[in-house]
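S.K.: Before I ask anything, here is the structure I am working with.
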Amino acid sequence: MRCHSCRVLAVSPICAKCRRIYLTPSPKFRVLPCGLKAVTLFRYENIEPFLLTKHTPRGWLIYRIMARDAFKALSVLDLTGLFVIPVDDKPRWGYSHTAILAKELAKLGCRPLFGRLRAQKRVSYSGKPLSFRIKNPRDFIYRGDGNIDAVLVDDIVTTGLTLQEARQTLQKYGVRVKMAIALADVERER
Ligand SMILES: [Zn+2]
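The sequence shown runs 12 to 201 under my numbering.
Shown next, in the form of structure tokens:
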């Protein structure tokens with residue numbers, strides 16, 4: 012196959028050289044306006060072409076590589092005893108990109124909760140202003156246990172509104188969200 016980035020022939024969908032260049036994690040922390048702490052691992056501009064593959068059937072391969080490379084940097088965090096909840100892990104194209112992230116994160120000792128937190132509305136926020144995002148909430152529903160400690164995982168953080176809304180929904184069920192983990196932070200680089 013060819014590397015998704017540089018098109019060289021490679022055994023992996025992202026070649027070793029491109030993984031070194033674009034997928035060497037550098038963790039960054041941001042406190043979202045709602046007070047939730049978010050940690051991100053990559054520069055958004057470096058992984059944008061990889062993120063776009065979630066709209067294609069082979070995106071799961073790319074997301075698995077990104078997750079593996081990203082979460083290596085989090086092995087210093089003690090996630091034991093926590094649950095990891097992927098944000099809206101409804102499968103499209105036969106997989107859910109956030110479920111892939113949760114599965115890889117679970118290797119650090121937390122337990123994934125698949126299919127519990129789903130959005131009822133899926134309007135695209137891409138390129139839309141904040142006012143549009145506020146007017147069109149995701150309307151999450153949660154179907155899982157309460158009285159647990161959890162981390163939320165998503166691919167990107169933009170305004171933080173999606174994570175805020177997800178956390179508000181979870182709080183109603185007694186889920187204490189300790190932090191959010193995402194591959195990249197879009198907002199801080201614009
Ligand atoms: Zn490459």
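Think of the CB as a built atom: it goes at the ideal place given N, C-alpha and C, for glycine as much as any other residue. The structure presented is a predicted model; accordingly, all values stated were derived computationally and were not measured.
(1) Within 10 angstroms of its Cβ, does T91 collect 16 or more other Cβ (buried), or is it exposed?
(2) Where does V95 land, buried or exposed, given buried means 16+ other C-beta within 10 angstroms?
(3) Report the option in I32, C26 and P44 whose CA atom is closest to the CA atom of T173.
(4) In the DSSP assignment, what residue or residues form a beta bridge with D160?
(5) For Y106, name the three-state secondary structure that DSSP assigns.
(6) Tell me whether F151 is buried or exposed, calling it buried when 16 or more other Cβ atoms sit within 10 Å of its Cβ.
(7) Kindly give me the distance between the Cβ atoms of Y74 and K65, rounded to whole angstroms, as I take these residues to be in contact under 8 angstroms.
(8) Given L194, which residues of its chain have a CB within under 7 angstroms of its CB, disregarding the five upstream and five downstream residues?
(9) Looking only at its own chain, which residues have a Cβ that is under 8 angstroms from the Cβ of P38, when we skip the five neighbours before and after it?
(10) Out of curiosity, what's the CA-to-CA distance linking L141 and T169?
(11) Given 8 angstroms as the limit, is there contact between the region 16 to 27 and the region 124 to 138, that is, 3 or more CB pairs closer than that?
(12) For K114, count neighbouring Cβ atoms within 10 angstroms of its own Cβ and tell me buried if that reaches 16, exposed if not.
(13) May I have the straight-line CA-CA distance separating D99 from G155, to the nearest angstrom?
(14) Please return the same chain residues whose Cβ sits closer than 8 angstroms to the Cβ of V162, not counting the five positions on each side in sequence.
(15) Which residue's Cα is closest to the Cα of V87: I25, K132 and L119?
(16) Considering only residues of the same chain and omitting the five flanking positions on each side of E176, which have a CB-CB separation below 7 angstroms?
(17) If we call anything under 9 angstroms between Cβ atoms a contact, is W71 one with H15?
(18) By how many angstroms is the C-alpha of Y184 removed from the C-alpha of C204?
(19) Just to check, is the beta-carbon of R69 closer than 8 angstroms to a non-hydrogen atom of ligand 3?
(20) Going by beta carbon distance, what residues of the same chain come within less than 6 angstroms of A110, once the five residues before and after it are set aside?
M.R.: Well, looking at it:
(1) exposed
(2) buried
(3) P44
(4) R187
(5) strand
(6) buried
(7) 7 angstroms
(8) T51, L52, F53, I58, M77, A81, D166 and I167
(9) V50, T51, L52, A84 and L85
(10) 10 angstroms
(11) no
(12) buried
(13) 13 angstroms
(14) L90, L93, F94, V95, I96, L116, C121, V188, K189, M190, A191 and I192
(15) L119
(16) P148, R149 and F151
(17) no
(18) The structure shown has nothing for residue 204, since the chain only spans 12 to 201.
(19) With respect to ligand 3, the structure offers nothing, as its ligand set consists of ligand 1.
(20) P97, D100 and F125
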